[in-house]
Structures are given as C-alpha cells and as structure tokens.
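Residue numbers (this note's numbering), protein chains in the order written: chain A, 8 to 283; chain B, 84 to 435; chain C, 3 to 294. Cβ atoms here follow ideal geometry from the backbone N, Cα and C, with glycine treated the same way. The structure under discussion appears below in the form of structure tokens.
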C-alpha cells in the first residue's frame, strides 16, 4: 500500500464496498427500477384509468382496510401478550416466548391453507362459528384473521424489550408518592410505550398490506368482495397486462414506502424518548 | 533501532492534526509524547506504527524510509489504549498470535512458539493465567497481556498509546514502576503517549511536549521542568503563578514585581509574563523586597508539603507550596497578611 | 434479535404490580389469544397431514412431483443463502469497519426488500425478464429462459431473503469496532488471516442467526416465487407452490402432508433461533475478575 489516501489500515474497503454495491444493484435496485421505468412510459391517463377501475379500488380498500383492522387487533392483544411475557411468570413461559415468532418462520402458504381449513364451515373453528351465523372463510373476516396471524409477532417483539427496559425506579417513585396502580399504568408507563407501540402497529400494518400467501386461500378471491390487491396484480400479469399490473403495484409500493418512512421516524422518536 | 521523524504533517478533513513535526528517537531510549487531547500525539504514534499515513513527511527506521512499508512489515509492537485483546482467544493464544500468523516459511514450530509465549508470560508475571480469557482479567492484567503480545514478535520498537489511562491510580503507579524496570531490562526503543505529565516526568528518558500539532519542547524531564521553552510547557507541567506585564529598557515590570531583564534593553515596550511555580514562591512576615503582600485564604496541611492560597491586592490568586517545618515555624493565621517573594521566576516575552 | 430476560419478580404488596385477579386475567387473555392463533393452526397442520394415516402421509411425500418440489426448494435455498451470506459479510465489513458518506443510505437500501410486497418482488423480475419484459426479446433470441424456469425462481428467492444476514451482522461489526483488527494487522496478520482469526469469531452468533432466518425465508417464500414460476409441475414448483397446487385440486391430505414438512422446518428454525439467542446472551455475560 503506497502512502496515498487509504482510509484505514484495514484492507478490503474497495473490494467489499464495490461488491456490495454491485450485488445490491444487480439483485435489488435494477429489478426495482423496472417499476418506475414502466410507469414513466405509461402516462397519467393510463395509470389513472387502471387504478380507478372499481375492481381495483375495491381490492385496495380490502387490502388496506383488512390490514388496518388486523394491525389494530394485534396492537391490542400484542400489548397484552408483551406485558404478560415481560412482567409475569407462568410455567412454560420460555416455550410460549419462543413460539411468538412462528408466523415469521412458517411459510405463508402453509398458514394460508391451514387457516382456511380451520375456518371453513366444517372446520374446527369454522363449525362452531357457523352455528352463531358467523361466516369466516371466504369473507373479509377470514382475510382479517389471516392478517392477524401474520402480524402477531411485530407488536409483541417491538414492545417486549421496551417493557423490559422500563426503569423500576420510576414506578417505585410514583407509587411512593401515592399514585394508584392504574394511574401508574395509564399515565406513566403507557405514554412511555407509545412510540414502540406505534412502531409495532405500523410494521404489522405494512406487512399485512402486501400479504399474499396466507390470505389468498381463505379469501375466496371474489372480485369486488374478497379480492386482494396482490392477487389482482397476478391476474393482470397472467393476462400480460404488464401496464395494469405496474400501475396497481406502484400505488402499493407508495403505501409501503410511506409506512416505512413513518416507522423510521417513529423509531427516531422512540430512541429520543428512551434516551435518559 | 532509532526512529527519525521528518517533517510529518497530517490533516483530517479540515483539522490539522500534525504540522511539520520532526524529532528523533535514539536506540534504546524511552520517549514520552506528552500533551493535551487533540495535540496530535496519538496520530503521530499511529503514523510511526503504520496505522495512519502522513500527508507529507517521512518516518525512518535506522535511516531507512519506512513510510511506505505496510503496517505488518514494520516490526513495531503496538499497545492500544484499551488493549484490543482478542476477546475470544485465551491469554496464551493472544500472545502467540503474532507468531502463528507468520507465513509458513517464517513460522516457528509449535514447541518453539509455546516456549516463547511461556517465557513472555513469565516476564509480565502472568504465567499462571495462560488459559484465561480477557474478560476474566483485571485491567492491569489485560494491559500486561497486551504488552506481552506486542513483544512476542520481537519488535524493534515498542509503541504504547496511553497505556495506563484506563486504570485506577494505584494500579497505574505499580505498572509505571514495572514498565520502567522492564525497559531497563530489555532496552527496547520505546515511545509512549500520555496526557499525564507526572507519568511522563517519572518514566521517560526524554519528553516531547506537543500542542496543537506542533512540538513545544523536546528535552529531558529535568530540562523541561526547570527550563521550559514556552509558557505552554510551563503551564502544562504543573501549577504556575503568572504575573502579566511588560519588558522595556532592561527591566521586567510584571504587576507588583520588578526585576532586571538584561535580554531586552531597547526602549520599546513588549508585553511579557513572569511564571513561577508554587514551590518557587516563599512566604514570610517581613517585607524583604522584590515581592508582594497577600492575604492567606486557605492552607491545605494534608501532606509533607503545605499548599497555601493567597489573594493579593489585585485579587490575583497565588499558589504557594512550602515545607511543613517552614509552615509550622511561621504559623500563619487565615486572613493574615503575608509577604510573598519569588525565589525564581521565568520571564516569557510575547512573540508576534 | 429478541430480548434479554430480566426475570425480576415484583411484590404485589408493594404496589409495583397489578392485583392478582388482573394478572391472572391478563395472562389468560394473552394465552388464550396465542393458543387460538398459534397453537391451534400448528396442531391442525399435523392433524390434517396424518388424517389418512402414516402410509398416505408417506406416499404424499414420496410422490415424484413432491420430491422434485423439495429438490427445487433446497436448490434455491442452497444458492440464495450462501450468496446472501457472502453479500452480508462484505456489506457488514464495509459498513462496520470504515467511515464513508452515504452509509445510512446504503443501510436503508439493503432493507428495501423488506418493504416490498412478495408479489411485487416477483413481479419486477417478470418485468425485467418476462416475454414482454425489458430483456425479454434478448432472452428469446438467445434461447435463455429465466421467468417460468428455475433461474427466475432462484433470483426471486435471493431477492426476498436478501437483507437477513446483513441486518444481523452489521450492528455486531459496528459494535466490536476495528481495534482488534488493527492489533492483528500490526502483529503481521494478512487481510484474510485477520478476517478469519479475529473478526469471524466475534460475529459468529449473529452470522448463524442471520443464516437461519435467511434460510427460513428462502425455503418458505410463496408469493414472489409464485409469480415467477409458471407453476409447471415437476419443473418449476417449489414446496410451497406444490402445496398450493395440491390444495387447489382438493387433495387436502396430500397438501397438508407436504405442508407439514415446511411446518417442521419452521419448528426447527424456531428451536435453532432460541438456541442461538441463548448462546449469544451467554457470550455477552460479564465473567468475574481476579485480582490485580
């Protein structure tokens, strides 16, 4: 190494950075760039026509709406699960804790067919619900339930470390000053958890919006009613309507990216709040 | 091996870490690079090691230009400030590392490596800890392992970056003494970086004092302490009392003090300041001339030296150190007016 | 990675935890929710798989199309995981040991595949390599098939499992700093020696964790591969796709039999994950000190 500008005595900077950028471009950037490239050639008219088609709009409403509700359910129950895991003891807790990640590890197709079978009119869970007149499989309700499964770990895993890191002294101080337990919980602990809670919610939401494998079986795929946006994209691709597929995809990407930015901002807020 | 540093400069972005620095280290010397944080001493050490490259200038080992030699080829031993021990390797393996990574042709057989490592561990008095891991050692022990590791490759030069900075006071003192003895035993050319002037004064054969990327003085500890080359050096090496004023016509007029200053005989008045160390000021009850009156504010009697603080008529704080017997003989009271005389005072004229 | 357990017990009398009724209530709700959403489906997979007995189960698995689906899944993972591993190590080295502008942007770009819906992940390869894709005509002229063939499946698999290894070891590389590597260099170690002897042992648990996650995703991916594959039985079907085909043909027991293989993979992933987390916690525990 001659005495010119080398950033450090550690070798391989140019090699590793070069390879990293090359691989990144090849596998991720170039393929992703086809989307805006295709969109650019389409013209606003064509794009608008595609995405304002009633069937497409219905699919957006379904994908986003069901994702929102599912993330909401996960937010509520995820908070409870995270609290119980972080604070309470019960036999088998370690095993339960390890299983939270099952939706991460389980292939979506397996989840999809299993949930469909469970909630079908003759399934273990579907049958009792039928007797109450509740249909789950092949309805938006079924889609929502599948999305709850998919997003379950996000809220729990985002909240758990934050709850565990809570400073006991703050609770002790408040309690010694006379605050009731419910006051401490709602007015002191909960606000502290808001950023992580919202982050988990946003992550679950983002994951659910684009979800395909676990939903496509239980949904029944009836246009205008239980057809999710990703399925519509596939349908258009099979018809070689690349333009249509691209248009739908761009909107979905915009939703995903804005969610990602929100999550990043939330994490920034969270780390500022936690820094004491 | 001798080190010759010639006109080395280094800039990081907008920050000039080293400005045209030159000095020599003679074979077998133990030299201290002393200065405040940011003065460039660590950067200079790393350049000698080959961990940084200078923008300008060169480093010569025994007359040969080593500037372009790669860090692994320089035969230097480097001890990092935070030891940088390989955390997943045992003490033994840490010390053996430099020998194990040699290319096949130059690698000694395992038995030889083993005996070398054992001897080194004995040298640093850690031979019973060979199987431990760094996380199981105290700070002082880790430092000695780092030293043994650096010595294992038989370097021609030993470089230490604030070697005792992260240790507590007692351990630091023990290791200082220990390093001095080690150096007397093996006589390896060594350069160490420190911001602790007591450490430099105690350990080094020669001290290079640095400030803001340049060398302020390069001399023996006695020289640097008794005959500081600049106000910075004087200030850095201990407490000083400063008397601001001017020199003109052969006289130095420094506030309440006035003395002959034959070095400046012209009528042109130049700003100057007189520096006196606390032990170079004397206190008495009588006005013996050449001094000033001040009121005794505090007296710290913990120790063989009594530390006094006095305030003169201009609200200037004077720090004086006197021997305990002298203080007991004088027995002054707080609030009493005493006469302070400088036994020795250095005048520095401001250069433009 | 998941959390570190603190395991502190709180004394309800001190008012530092909720009254027992509330605690049992919340625990019941949490466990009930988890039972309903996690345990029941997991059990259902295996129940349905064995509904017609052992021999039917084995037949479904040994069936040629199922076997070739298994082979394709393993092949795709065998290519995707090492490729993403090498990438992850290279990226983590560049990001963790050096300073340069645009580092944060690079990290965000690496995370991109996470933000993209699986169907879109597959779709972009169709846009690139499909019949009407940008390179479509060129591929037809050279008689190369990517979409609706194995190469397309491999590419989609690499895409979706891309960030896992990098994400796990970048923080580790950044946290361990570069002092140990510098020390190794001064002692005369070469570049690769430094990496294998000093860096690798420090990142090994993070690396293993990343590989486990990367593999789970690579083998289990459905949406992206579905778009790219063309669903040609025996040729371009991975295990998840084969499950879909069987299910759509109402061969429920066979579908679940094949699905149970994937479920088993998921369980193994969870176990390995837990073990690695446990070992990582252990290796980070401070050990007692001896005298000076």
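In the three-state reduction of the DSSP assignment, residue 131 (chain A) falls in the coil class. A Cβ-Cβ distance of about 13 Å is found for the pair residue 224 (chain A) and residue 133 (chain A), leaving them out of contact under the 8 Å criterion. Contact annotation: residue 83 (chain C) and residue 217 (chain C) have beta-carbon atoms nearer than 7 Å. In this chain, the alpha helix (DSSP H) harbouring residue 210 (chain C) covers 202-222.
Around residue 200 (chain C), the beta-carbon contacts reaching into chain B at under 9 Å are 169, 171, 172 and 180. With fewer than 16 other CB atoms across the displayed protein chains lying within 10 angstroms of its CB, residue 346 (chain B) is exposed. Classified as buried, residue 115 (chain C) has 16 or more neighbouring CB atoms from the shown chains inside 10 Å of its CB. Against chain A, a Cβ distance below 8 Å from residue 118 (chain B) picks out nothing, because the smallest value is about 23 Å.
When DSSP states are grouped into helix, strand and coil, residue 107 (chain B) belongs to the strand group.
A direct Cα-to-Cα measurement between residue 208 (chain C) and residue 26 (chain C) gives close to 36 Å. Collapsing the DSSP output to three states places residue 28 (chain A) in a helix. The Cβ of residue 96 (chain B) sits no closer than 7 Å to any Cβ of chain C. For the pair residue 65 (chain C) and residue 256 (chain C), the Cα-to-Cα distance works out to about 10 Å.
At a Cβ-Cβ threshold of 7 Å, residue 65 (chain A) and residue 211 (chain A) do not count as neighbours. As a beta-bridge residue in DSSP terms, residue 293 (chain B) pairs with B:298. Residues are counted here when their Cβ sits less than 8 Å from a Cβ of chain C; for the stretch 123-139 of chain B these are 132, 133 and 134, given in chain order. Contacts between residue 248 (chain B) and chain C, judged by CB atoms closer than 9 Å, are missing: the closest CB pair is about 14 Å apart. At the C-beta level, residue 275 (chain B) and residue 299 (chain B) stay beyond 7 Å of one another.
Residue state for residue 210 (chain B) is assigned as helix, using DSSP reduced to three classes. For residue 190 (chain C), the residues of chain B that pass the 8 Å Cβ criterion are 155, 156, 181, 184, 185 and 236, in the order they occur in the chain. A distance below 6 Å between beta-carbons, with the five flanking residues on each side excluded, links residue 165 (chain A) to the following residues of its chain, in chain order: 203, 206 and 207.
Taking CB atoms only, residue 16 (chain A) has a neighbour in chain B less than 7 Å away. The beta carbon of residue 170 (chain C) does not come within 7 Å of any beta carbon belonging to chain B, so the residue lies off that interface. Among the CB atoms of chain A, none fall inside 7 Å of the CB of residue 266 (chain C). At a cut-off of 7 Å between beta-carbon atoms, residue 100 (chain C) makes contact with chain A. In this structure, the CA atom of residue 39 (chain A) is about 15 Å from the CA atom of residue 154 (chain C).
Per DSSP, residue 402 (chain B) is one residue of the beta strand (DSSP E) stretching across 400-406. Residue 267 (chain A) counts as buried, since no fewer than 16 other beta carbons sit within 10 angstroms of its beta carbon. Across the stretch 122-137 of chain A, CB contacts with chain C closer than 9 Å involve 122, 123, 124, 125, 130, 131 and 132, in sequence order along the chain. Annotation for residue 50 (chain C): 258 place their beta carbon closer than 6 Å to its own, counting only its chain and skipping 5 residues before and after.
From the beta-carbon of residue 144 (chain B), no residue of chain C is found nearer than 8 Å; the closest lies around 14 Å away.
The beta carbons of residue 101 (chain B) and residue 123 (chain B) sit closer together than 7 Å. For residue 254 (chain A), same chain residues with a beta-carbon under 6 Å away, outside a window of 5 residues either side, are 54, 57 and 58 in chain order.
Check the Cα spacing between residue 222 (chain C) and each of C:172, C:72 and C:101: the tightest is with C:72. For the stretch 200-217 of chain C, the set of positions with a beta-carbon nearer than 7 Å to some beta-carbon of chain B reads 200, 203 and 204 in chain order. Each residue's CA atom was taken as its position, placing residue 26 (chain A) and residue 35 (chain A) some 13 Å apart.
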